[in-house]
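Going by the working numbering, the first residue of the sequence shown is number 15, and it counts up by one from there.
Below you'll find the structure, written out as structure tokens, and then a few comments.
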Amino acid sequence: ARYDLLVWLMTLGRERKFRERLLAPARLQPGESVLDVGCGTGTLAIAATRQVGIAGSVHGVDPSAEMIARARAKAKRRHASVTFETGVAEALPFPDASFDVVLSTVMLHHLPGKTREQGVGEMRRVLRPGGRLVAVDFAPGTRHGLVTLIHGHGHVDASAMERLIAAAGLGVAESGAIGAWGLCYVVGVAR
């Protein structure tokens, strides 16, 4: 609950618009299957359900059982069909080629180098051919007031994400700035 309150405060009550901005590079389509790795309290996964519709499916995975419990309760209250599971990025609990889109937002900087590489490799493993990985994280050297004070402990810039994505066997299709809080994104496509 504190995490959700903090995000609400940092977005000045415009969290839905912020989540839509995070999802924009994914270009989600109705009927697609989506995995949100490091889903936290599930807000982004719930937002993804609005874009993929009833023909699509959305799953979220996070190592924190408390976050997953909150995500499940939130999805139930909002009547959102999302499946949440406890798990880690470096050992995703899904079969190969399960998803059209994998999201990784503001979580890669939490992982040490080798684990980060394993996590991106796992994200690649669960993508279908032609599927998209959308990685979003803080760019280095950005300072954005409250966000920096609260969450200034890490970053993974676009060029580092591009290298990680390419090393995992994905083609880098696009990268750029999200336009908020110094966040950057990279879209990788499974070959």
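In this text, a Cβ means the ideal position worked out from N, Cα and C, and glycines have one as well.
Given the structure is predicted, the values throughout are model-derived calculations rather than measurements.
Roughly how many angstroms separate the alpha carbons of G183 and R205, rounded to a whole number? One-based indexing of the sequence shown puts residue 183 at position 169. One-based indexing of the sequence shown puts residue 205 at position 191. Cα to Cα, the separation comes out at about 7 Å.
Taking the beta strand (DSSP E) that A153 belongs to, which residues open and close that run? Residue mapping note: residue 153 aligns to position 139 of the sequence shown, counting from 1. First-last for A153: undefined, no H or E at that position.
Residues sharing a beta bridge with S118, DSSP: Taking the first residue of the sequence shown as position 1, residue 118 is located at position 104. DSSP output for S118 lists V51, A149 as bridge partner(s).
Specify the secondary structure class of G45 as computed by DSSP and reduced to three states. Within the sequence shown, residue 45 is the residue found at index 31, counting from 1. Coil at G45, not helix or strand.
What separation, rounded to the nearest whole angstrom, lies between the Cα atoms of V150 and A38? The residue given as residue 150 occupies position 136 in the sequence shown. The residue given as residue 38 occupies position 24 in the sequence shown. V150 and A38: Cα-Cα distance of roughly 11 Å.
Ends of the beta strand (DSSP E) at L58? Counting from 1 along the sequence shown, the entry for residue 58 is found at position 44. Here L58 belongs to no beta strand (DSSP E); instead the alpha helix (DSSP H) covers 57-66.
Stretch pair the stretch 79-88 + the stretch 115-125: three plus CB contacts closer than 8 Å: no
In whole angstroms, what separates the C-alpha of R41 from that of S47? Counted from its first residue, the sequence shown places residue 41 at position 27. Counted from its first residue, the sequence shown places residue 47 at position 33. Cα-Cα distance, rounded: 12 Å.
At what residues does the beta strand (DSSP E) containing E99 begin and finish? As a working mapping, residue 99 is identified with position 85 in the sequence shown. Counting along the chain, the beta strand (DSSP E) containing E99 begins and ends at 96-100.
Looking only at its chain, what residues have a beta carbon closer than 7 Å to the beta carbon of G185, apart from the 5 residues adjacent to it on each side? Mapped onto the sequence shown, residue 185 falls at position 171. So the list reads G202, V203, R205, once near-sequence residues are dropped.
Inter-residue Cα distance where the pair is F32 and C53: Residue numbering aside, residue 32 sits at position 18 when the sequence shown is read from its first letter. Residue numbering aside, residue 53 sits at position 39 when the sequence shown is read from its first letter. Taking the straight line joining both Cα atoms gives about 15 Å.
Residue range of the unbroken beta strand (DSSP E) whose run includes V186: In the sequence shown, the residue the question calls residue 186 occupies position 172. Counting along the chain, the beta strand (DSSP E) containing V186 begins and ends at 184-191.
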